[in-house]
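A short worksheet on the structure shown next.
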Amino acid sequence: AMATMGADVVVTGRNPERGELAVEEIWAESFGGSVELMLADLAVQAEVRRLAEEFKERHDRLDVLVNNAGLVQSTRTETRDGIETTLAVNHLAPFLLTNLLLDLLKSSAPSRVVTVSSEAQRWGRMDFDDLQSKSKYRGFPVYGMTKLANIMFTYELAERLEGTGVTATCMHPGAVNTRFGTNNGGPMTLLFRAFKPFMRTPDQGADTVNYLASSWEVEGVSGKYYSDRKWIEPQQIALDPEARRKLWEASEELTGLKVTA
2 AMATMGADVV
12 VTGRNPERGE
22 LAVEEIWAES
32 FGGSVELMLA
42 DLAVQAEVRR
52 LAEEFKERHD
62 RLDVLVNNAG
72 LVQSTRTETR
82 DGIETTLAVN
92 HLAPFLLTNL
102 LLDLLKSSAP
112 SRVVTVSSEA
122 QRWGRMDFDD
132 LQSKSKYRGF
142 PVYGMTKLAN
152 IMFTYELAER
162 LEGTGVTATC
172 MHPGAVNTRF
182 GTNNGGPMTL
192 LFRAFKPFMR
202 TPDQGADTVN
212 YLASSWEVEG
222 VSGKYYSDRK
232 WIEPQQIALD
242 PEARRKLWEA
252 SEELTGLKVT
262 A
């Protein structure tokens, strides 16, 4: 949709073959718009850093950053950085990538950061003593916690960016019929398959993303959580400045990134 609007689009992916197929499909449907692939495994912090540097080497502006990559896992695993994988991909990757690209976003202002969250955040609990779920791991509640983290990150980011011309919003796409969740075996995969006939299409799931990324109606709107193009209230903890600050500082520690502004 963004390429069809005339935007120069850069997509990220881990798999070069699937990534190139996506680029070809976008290019064809946008009638020859500018579409580019950058490879990176967002579970690995060194690759997130390389992605940010590579983007800045190739491009001198960034109008919209959409943080969309995510996963849910039925069993606990760790990345090569020693971070619980769901937390690493769903929260720490967008936290790190956004902050590494902030200078470019600011110099490109007015610009926007849109982060895909989920209403699974309602089932998430923020345990600052065990963010990596070492003492107790349950796949969907951990996923919900990371989606809550997306919202807390967005609200905190919006406050920190006030006056810069860069806005930060997040959204719930609904249950979307993609390959999401099929990496799991057992009951979780069966559950996702059972609900596929009732899920939204990818186009429907992306509608609010595109709205927040491009619509004049939300120009200047920041620090809000949306569903179906409407602002909704998240969990109360997302509105707590102290809790948001604690999550931000924990994220800085886990990524080795000290944000100066």
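Reminder that position 21 of the sequence shown reads as 22 in the numbering used here, one-by-one numbering, no gaps. Backbone N, C-alpha and C fix where the C-beta goes; we use that ideal spot for every residue, glycine too. Quick caveat, the model's predicted, so the values are computed rather than measured.
Secondary-structure assignment with DSSP links VAL210 through no beta bridge to anything.
Counting only the Cα atoms, MET39 lies some 7 Å from LEU52. The beta-bridge partner set that DSSP reports for THR13 consists of MET39. Look at the beta carbons and you see the segment 157-175 touching the segment 202-211: at least three pairs across the two are nearer than 8 Å.
With a beta-carbon spacing of about 6 Å, GLY71 and VAL90 fall inside the 8 Å limit used to define contacts.
Around SER31, the same chain offers ALA4, THR5 as residues with beta carbons nearer than 7 Å, after the five sequence neighbours per side are excluded. By the beta-carbon neighbour count (other beta carbons within 10 angstroms, threshold 16), PHE154 is buried.
Scanning the segment 111-155 from its first residue to its last, the whole beta strand (DSSP E) runs of 3-plus residues come out as 112-117.
By the Cβ-count criterion, GLN237 is exposed, with fewer than 16 other Cβ atoms from all chains shown falling within 10 Å of its own Cβ. Shown here for GLU85: same chain residues with a beta carbon closer than 7 Å to its own, the five before and five after excluded, namely ARG77, GLU79, GLN133, SER134 in chain order. Each of GLU220, TRP249, PRO142 was checked against the Cα of GLN74, and the nearest Cα belongs to PRO142. Residues GLY125, ARG126, MET127 of the same chain have their beta carbon placed closer than 7 Å to that of MET146, with the five preceding and five following residues left out of the count.
In the three-state DSSP reduction, ILE84 falls in the coil class, being neither helix nor strand.
Among the bridge pairs identified by DSSP, ILE233 is matched with TYR226. Under the DSSP assignment, LEU162 falls outside any alpha helix (DSSP H); it carries neither an H nor an E label. Taking a C-beta distance under 8 Å as the contact criterion, SER118 and TYR226 qualify as a contact pair.
For GLU25, the secondary structure class from DSSP, reduced to helix, strand or coil, is helix. If you draw a straight line from the Cα of ASP64 to the Cα of GLY221, it is about 13 Å long. PHE129 counts as exposed, since fewer than 16 other C-beta atoms from the protein chains shown sit within 10 angstroms of its C-beta. Scanning the segment 50-106 from its first residue to its last, the whole beta strand (DSSP E) runs of 3-plus residues come out as 65-68. Per the DSSP secondary-structure output, MET172 pairs in a beta bridge with VAL117, TYR227.
The C-beta distance from GLY14 to ALA23 rounds to 7 Å, short enough to fall under 8 Å.
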